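What follows is a set of notes on a single structure, which appears directly below.
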Amino acid sequence: MGCQASVLEAWGCLAVRERAEAYIPRRPEETVLHETVAGHLETFLARQRERDRPVPRFVERELRKFLECGVAAHGFLRVHCDDCGMDRVVPYSCKCRGFCPSCCGRRMADTAAHLADRVFPEEPVRQWVLSVPYPLRYRLAYDASLVTAVARIFQRAVFASIRRRAGMRSLNRRARSGAVLFIQRFSDALNLDPHFHLLAMDGLYLEYGEDPPVFRRVSAPDDREVARVARRIRQRVERLLKDRGLDLEADAYGVDRLWDEQPLLAELYSASVSGRVATGPRAGKSVVRLGAHPGERTPPANPSCAASGGFSVHAGVAVPAHDRERLERLARYAARPPVATGRLSRLGDGRLLYRLKRRWSDGTSHVVYHPLELIERLAALVPPPRYNIIRYYGVLAPRSAFRPMIVPRPKEESVAPPADRRDGVSAPGERQTSRQDENGVQGKKGRNYSWARLMARVFELDVLRCPRCGERMRIMAAIDSPEAIAKILACLGLPIRPPPLAPAVSDPESRIF
């Protein structure tokens, strides 16, 4: 979305001041992440072809599209200030959903704003987090039907807990709750770690005759109740796996269809889940960690947290009713991008240092990757096609009869500074932008927020404020023609060619290790 990638590390929601600061276009080609992928992608692809395990097309496409994201030489929107005559360009984005900090950040902000403004009613919301055993993480990485089944078990166990705390022993069609579920595929160290974040309403809607449904709040779950939920989830998932002919206790790696259909993905997934290197001279070895103290692993005691047979449930985060800012902040956390570019740096020997957001229980504070090892991690994080990562349940489901009566009605946005109709554009930087959107009209449903409004809402940045005179700028045209791109960029003194990709080399590790 053209947002500053370094700001994404905070993943926070800031209040918009009366006058937002001017937007400074990012330069993704100057980031360590972009330089790493551009410098080693061809080597990574060539190495896998030599092993007769080519990279799947959807993964290669995501990696190549990332290198085009935010680079003006691939196309842009031209923005002009009528007062001082200043011109600027806003590069297109890749719109990928795997690991791109910019596009995943824009999707995070858009989803969180949508949930806070148009989905969740002003009632209390609690976050439930489910982590699963390592063998199951591997299978959830590619099996969409298994993801759906486990997510449904998780949602039903939480809804059953809400009914118990409301004093209802069985399912009641006139008493329903609602939730939105996020599937995160990553851990703090960029390992493949599919787990679930469920934002569930902390109560039930009760229907009395023809009257509108009434919300009944429930008390917070105690440790005993959370343990009961974890135990129920484990029992039902184990039964599900048994019905499908899978054994959670056995070594799941190497006995599934993925090894037959996509052996490289199976290799990358199994290594990433276990925190090991998949290919190259260090294949099978653990990723280098800094700060770890062997034998010193004492997990902190967390309230409202329970574990059962490798399944872990946490329910300690709640948002009170009417606190929309905090709800939006929680939704951002659940929908956040996997990579925080501000935590990635390059060591003197060429290796990459990634700082963890919090120290692990064994003291680990950083992980160290060879550039090809980082690309392995990124490739594993790309979700397969038709792998949905957001689900709606209960009264918040699209076809729920309760939904029209409880969700907030759309209202006009007021976070962006006032402008005439020519100033707005829906999602600049995206190639498929309608003429109606380019005039600032978002359509009748108003599902997506404009890029300008998201930037003002999240980062206090006014993307259409002229940095020279402070007046409003307007979008003149979307530039796609290579000839026009080169002429305009040359006139503005900007690079007319994208950064080159480094050619494949035969032994990249020898240059570092």
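Everything in the sequence shown is counted per the working numbering, starting at 1165 for the first residue and increasing by one.
For glycine and all other residues, C-beta sits at the position ideal for the given N, C-alpha and C.
As the structure is a prediction and not an experimental result, all values here were calculated from the model.
Review point. DSSP state of Arg-1636, grouped into three classes?
Key: In the sequence shown, the residue the question calls residue 1636 occupies position 472. Arg-1636: strand per DSSP, three-state reduction.
Practice item. Report yes or no: do three or more beta-carbon pairs, one from the stretch 1333–1342 and one from the stretch 1369–1385, lie closer than 8 Å? Key: The stretch 1333–1342 vs the stretch 1369–1385: in contact.
Check your understanding: So with Cβ pairs under 8 Å, would you call Gly-1512 a contact of chain B?
Key -> Looking at the structure shown, chain B is missing, and only one protein chain is on hand.
Review point. According to the Cβ coordinates, are Pro-1659 and Leu-1653 closer than 8 Å?
Key: Counting from one through the sequence shown, the residue named residue 1659 turns up at place 495. Counting from one through the sequence shown, the residue named residue 1653 turns up at place 489. Yes, Cβ-Cβ distance for Pro-1659 and Leu-1653 is below 8 Å.
Practice item. Measure the C-alpha to C-alpha separation of Ser-1295 and Cys-1233 and round it to an integer number of angstroms. Key: Here residue 1295 is taken as the residue at index 131 of the sequence shown, counted from 1. Here residue 1233 is taken as the residue at index 69 of the sequence shown, counted from 1. Taking the Cα positions, Ser-1295 is about 32 Å away from Cys-1233.
Practice item. Taking Ala-1435 as part of the alpha helix (DSSP H), name the residues at either end of that continuous run. Key: What you label residue 1435 is simply residue 271 of the sequence shown in a count that begins at 1. Segment 1427–1437, the alpha helix (DSSP H) holding Ala-1435.
Review point. Among the residues of its own chain, which have a CB less than 6 Å from the CB of Met-1640, if the five just before and after it don't count?
Key: Counting from 1 along the sequence shown, the entry for residue 1640 is found at position 476. Here Met-1640 has Arg-1242, His-1244 as same chain residues with Cβ atoms under 6 Å from its own Cβ, once five neighbours each way along the sequence are excluded.
Point to revise | Proximity to Ala-1236 [Cα-Cα], best of Asp-1671, Pro-1667, Arg-1661 | key: As a first step, residue 1236 is located in the sequence shown; it is residue number 72 there, counting from the start. Distances from the CA of Ala-1236 to each of Asp-1671, Pro-1667, Arg-1661 were compared; the closest alpha carbon is that of Arg-1661.
Review point. Which value, in whole angstroms, describes the spacing of the CA atoms of Pro-1288 and Ser-1351?
Key: By one-based count along the sequence shown, residue 1288 stands at place 124. By one-based count along the sequence shown, residue 1351 stands at place 187. A direct Cα-to-Cα measurement between Pro-1288 and Ser-1351 gives close to 27 Å.
**Study point:** Among Arg-1388, Ser-1645, Ala-1330, Gly-1455, nearest to Trp-1524 - alpha-carbon criterion
**Key:** Here residue 1524 corresponds to residue number 360 of the sequence shown, with the count starting at 1. Of Arg-1388, Ser-1645, Ala-1330, Gly-1455, the residue nearest in Cα terms is Gly-1455.
**Study point:** Buried or exposed (CB count within 10 angstroms, at least 16 for buried), Ser-1383
**Key:** Along the sequence shown, one-based indexing puts residue 1383 at 219. With fewer than 16 Cβ atoms within 10 Å of its Cβ, Ser-1383 is classed as exposed.
Check your understanding: Does the Cβ-Cβ distance between His-1204 and Leu-1231 come in under 8 Å?
Key -> The count along the sequence shown starts at 1 and reaches residue 1204 at position 40. The count along the sequence shown starts at 1 and reaches residue 1231 at position 67. No, these two residues do not count as a Cβ contact at 8 Å.
Practice item. Whole angstroms is fine: what's the gap from Val-1344's alpha carbon to Val-1378's? Key: Taking the sequence shown and counting its residues from 1, one reaches residue 1344 at position 180. Taking the sequence shown and counting its residues from 1, one reaches residue 1378 at position 214. Rounded to the nearest whole angstrom, the C-alpha separation of Val-1344 and Val-1378 is 20 Å.
Point to revise | Length of the line joining the Cα atoms of Pro-1299 and Leu-1405 | key: In the sequence shown, counting from the first residue as 1, residue 1299 sits at position 135. In the sequence shown, counting from the first residue as 1, residue 1405 sits at position 241. One C-alpha to the other measures close to 12 Å.
Review point. DSSP beta-bridge partners for Phe-1360?
Key: If you number the sequence shown from 1, residue 1360 lands on position 196. Paired residues: Leu-1294, Ile-1347.
Check your understanding: In three-state terms, what does DSSP make of Pro-1581?
Key -> By 1-based counting over the sequence shown, the position of residue 1581 is 417. Low per-residue confidence applies at Pro-1581: pLDDT is 42, beneath 50, and the placement is therefore not dependable enough to give any value.
Point to revise | Chain-order list of residues whose beta-carbon lies under 8 Å from that of Arg-1217 (same chain, five-residue window excluded) | key: Walking along the sequence shown from the start, residue 1217 turns up at place 53. Here the set comprises Pro-1427, Leu-1428, Glu-1431.
Review point. Is the stretch 1347–1363 touching the stretch 1436–1451, taking contact as three or more C-beta pairs under 8 Å?
Key: Contact between the stretch 1347–1363 and the stretch 1436–1451 is present, because at least three Cβ pairs lie under 8 Å.
Practice item. Using the Cα positions of Leu-1368 and Ile-1539, report the straight-line distance between them to the nearest angstrom. Key: Residue 1368 sits at position 204 when you count from the first residue of the sequence shown. Residue 1539 sits at position 375 when you count from the first residue of the sequence shown. The alpha-carbon separation between Leu-1368 and Ile-1539 amounts to approximately 45 Å.
Check your understanding: When DSSP labels each residue in this structure, what does Phe-1379 get in the three-state scheme?
Key -> Reading the sequence shown from its first residue, position 215 is the one you call residue 1379. Three-state DSSP puts Phe-1379 in a strand.
Exercise for review: Kindly indicate which three-state DSSP category Ala-1543 falls into: helix, strand or coil?
Suggested key: Locating residue 1543 in the sequence shown gives position 379, where the first residue counts as 1. In the structure shown, Ala-1543 sits in a helix (DSSP, three-state: H, G or I).
Review point. At which residues does the alpha helix (DSSP H) containing Phe-1208 begin and terminate?
Key: Residue mapping note: residue 1208 aligns to position 44 of the sequence shown, counting from 1. Where Phe-1208 is concerned, the enclosing alpha helix (DSSP H) stretches over 1196–1214.
Review point. When the Cα of His-1534 is compared with those of Asp-1513, Arg-1550, Lys-1521, Ile-1553, which residue comes out closest?
Key: Reading the sequence shown from its first residue, position 370 is the one you call residue 1534. In this structure, Asp-1513 is the residue among Asp-1513, Arg-1550, Lys-1521, Ile-1553 with its C-alpha nearest to the C-alpha of His-1534.
Practice item. Could you tell me which residues DSSP pairs with Tyr-1556 in its beta bridges? Key: As a working note, residue 1556 is residue 392 in the sequence shown. Beta bridge pairing from DSSP links Tyr-1556 with Val-1344.
Exercise for review: Could you tell me which uninterrupted beta strand (DSSP E) segments, each at least 3 residues in length, are contained entirely in the stretch 1465–1531, listed from first to last along the chain?
Suggested key: Segments of the beta strand (DSSP E) lying fully in the stretch 1465–1531: 1469–1472, 1475–1483, 1508–1510, 1516–1519.
Exercise for review: From the DSSP output, read off the bridge partner residues of Arg-1453.
Suggested key: Here the question's residue 1453 lines up with position 289 in the sequence shown. When DSSP reads this structure, Arg-1453 sits in a beta bridge with Val-1531.
Exercise for review: Check whether the stretch 1491–1504 touches the stretch 1265–1273, taking contact to mean three or more Cβ pairs, one atom from each stretch, closer than 8 Å.
Suggested key: Output reads yes: the stretch 1265–1273 touches the stretch 1491–1504.
Check your understanding: Can you tell me whether DSSP reads Asp-1307 as helix, strand or coil?
Key -> The sequence position of residue 1307 within the sequence shown is 143, counting from 1. Three-state DSSP puts Asp-1307 in coil, outside helix and strand.
Check your understanding: Anyone know if the C-beta pair for Val-1223 and Ala-1543 falls short of 8 Å?
Key -> Your numbering for residue 1223 matches position 59 in the sequence shown. Your numbering for residue 1543 matches position 379 in the sequence shown. Contact flag set, yes.
**Study point:** For Gly-1657, three-class secondary structure by DSSP
**Key:** Here residue 1657 refers to the residue found at position 493 when the sequence shown is read from its first residue. In the three-state DSSP reduction, Gly-1657 falls in the coil class, being neither helix nor strand.
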